[in-house]
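Okay, so here's the structure we're looking at.
Chains as they are written, first to last, in the working numbering: chain A, 1 to 157; chain B, 1001 to 1157.
Shown next, in the form of structure tokens:
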């Protein structure tokens, strides 16, 4: 059981996610920014993720493509605003199936002895966009991704 | 008198700004993305703005420095997520005097006969950041900037 929390208060435009990983912060940060690692944990269990670009520096672009077992492809992309290894990363995020709807993610990693507290704050252009993301069932996909990230970083730690 | 409206509803994380410009959309868009033009309208009337970089393409960076008459300098920077000329621009925004507080701006330009309806939606990482921006007196600075932009685009139209 993870300690994953997903908070989306009514009327706000953000989703706040926290979770602890059983690995040091630099290992978690590396897994979040390294292309080969991202391909291993990002996305649903049943999909494959292809990392086209993950240029983790200010102004760098990222684009990941998820492929489902039936061959459908789903693209996601954005740009990195700021990278402060191993503690902080700010990026934009757009699902290409809903072009023009852009959100901004702030990831923060804090040391908790040998463990790492991960916090992400995602802000949306509107409450409707935020509520739509919640309604899409993002929470189960998120859980799968972060469980896969936990598996990866505990192997690497 | 401009028709500037600044809406910041209690408890939300955004500021929504609308205003009409008396110029065609492509002229307004060009003035918002061209470095020499930005230097002429961006910032307070009493300050000078130096555009260090305004690389208006996805992943491009921007950095502007405002200099006040007493010689103090204030830096601002971000990255462009998306540019769809002449209708839409999404960028991140950070005032270097408050590092780590990042917002995301979505600018939309719509044609209204020979005039242009400008809308900006800025979302902040928290309600507190949003309220802090309002409390800083951004509205009078915004008014000065957009009046200067109006002057520039009506000259160019």
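Note that the Cβ used here is the ideal one computed from N, Cα and C, for glycine as well. In this text, all values refer to a predicted model and were calculated from it rather than measured experimentally.
{"Asked": "Kindly say whether residue 1011 of chain B, judged by its beta-carbon, lies nearer than 9 Å to any beta-carbon of chain A.", "Found": "yes"}
{"Asked": "Flag this pair as yes or no: are the beta carbons of residue 1061 of chain B and residue 1090 of chain B separated by less than 9 Å?", "Found": "no"}
{"Asked": "Taking only three categories from DSSP, how would you classify residue 1132 of chain B?", "Found": "helix"}
{"Asked": "Check whether chain A comes within 9 Å of residue 1094 of chain B, counting only Cβ atoms and requiring the distance to be less than that.", "Found": "yes"}
{"Asked": "In the DSSP assignment, what are the bridge partners of residue 89 of chain A?", "Found": "A:83, A:107"}
{"Asked": "Please classify residue 41 of chain A: does DSSP put it in a helix, a strand, or coil?", "Found": "helix"}
{"Asked": "If the cut is a Cβ gap below 8 Å, which residues of chain B does residue 61 of chain A touch?", "Found": "1058, 1059"}
{"Asked": "Going straight from the alpha carbon of residue 68 of chain A to that of residue 1053 of chain B, what length do you get?", "Found": "40 Å"}
{"Asked": "Where does residue 1134 of chain B land, buried or exposed, given buried means 16+ other C-beta within 10 angstroms?", "Found": "exposed"}
{"Asked": "Does residue 123 of chain A come within less than 9 Å of chain B when only Cβ atoms are used?", "Found": "yes"}
{"Asked": "For the alpha helix (DSSP H) containing residue 1023 of chain B, list its first residue and its last residue.", "Found": "Note, residue 1023 of chain B: premise wrong, no alpha helix (DSSP H); not H, not E."}
{"Asked": "Out of A:85, A:11, A:102, A:113, point me to the one whose CA is closest to residue 76 of chain A's CA.", "Found": "A:102"}
{"Asked": "Could you give the C-beta distance for residue 20 of chain A and residue 117 of chain A, rounded to a whole number, given that I count them as a contact under 8 Å?", "Found": "6 Å"}
{"Asked": "Rounded to whole angstroms, what is the Cα-Cα separation between residue 25 of chain A and residue 32 of chain A?", "Found": "11 Å"}
{"Asked": "Which residues of the region 103 to 129 of chain A have a Cβ closer than 9 Å to any Cβ of chain B? Give them in chain order.", "Found": "103, 104, 106, 121, 123, 124, 125, 126, 127"}
{"Asked": "According to DSSP, simplified to helix, strand and coil, what is residue 67 of chain A?", "Found": "strand"}
{"Asked": "Taking DSSP as the reference, what is the three-state secondary structure of residue 30 of chain A?", "Found": "helix"}
{"Asked": "For residue 90 of chain A, go through chain B and note every residue whose CB falls closer than 8 Å to its CB, in chain order.", "Found": "1092, 1102"}
{"Asked": "Any beta-carbon of chain B closer than 9 Å to the one on residue 132 of chain A?", "Found": "no"}
{"Asked": "Under 8 Å: do the region 1010 to 1019 of chain B and the region 150 to 157 of chain A share three or more Cβ pairs, one atom per stretch?", "Found": "no"}
{"Asked": "Less than 9 Å between CB atoms is the rule here; does residue 1006 of chain B satisfy it with respect to chain A?", "Found": "no"}
{"Asked": "Between which two residues does the alpha helix (DSSP H) harbouring residue 147 of chain A extend?", "Found": "138 to 156"}
{"Asked": "Does DSSP classify residue 1008 of chain B as helix, strand or coil?", "Found": "coil"}
{"Asked": "Tell me whether the beta-carbon of residue 86 of chain A lies closer than 9 Å to the beta-carbon of residue 30 of chain A.", "Found": "yes"}
{"Asked": "Can you tell me whether DSSP reads residue 1048 of chain B as helix, strand or coil?", "Found": "strand"}
{"Asked": "Of the residues that make up the region 21 to 52 of chain A, which ones have a beta carbon closer than 9 Å to any beta carbon in chain B?", "Found": "none"}
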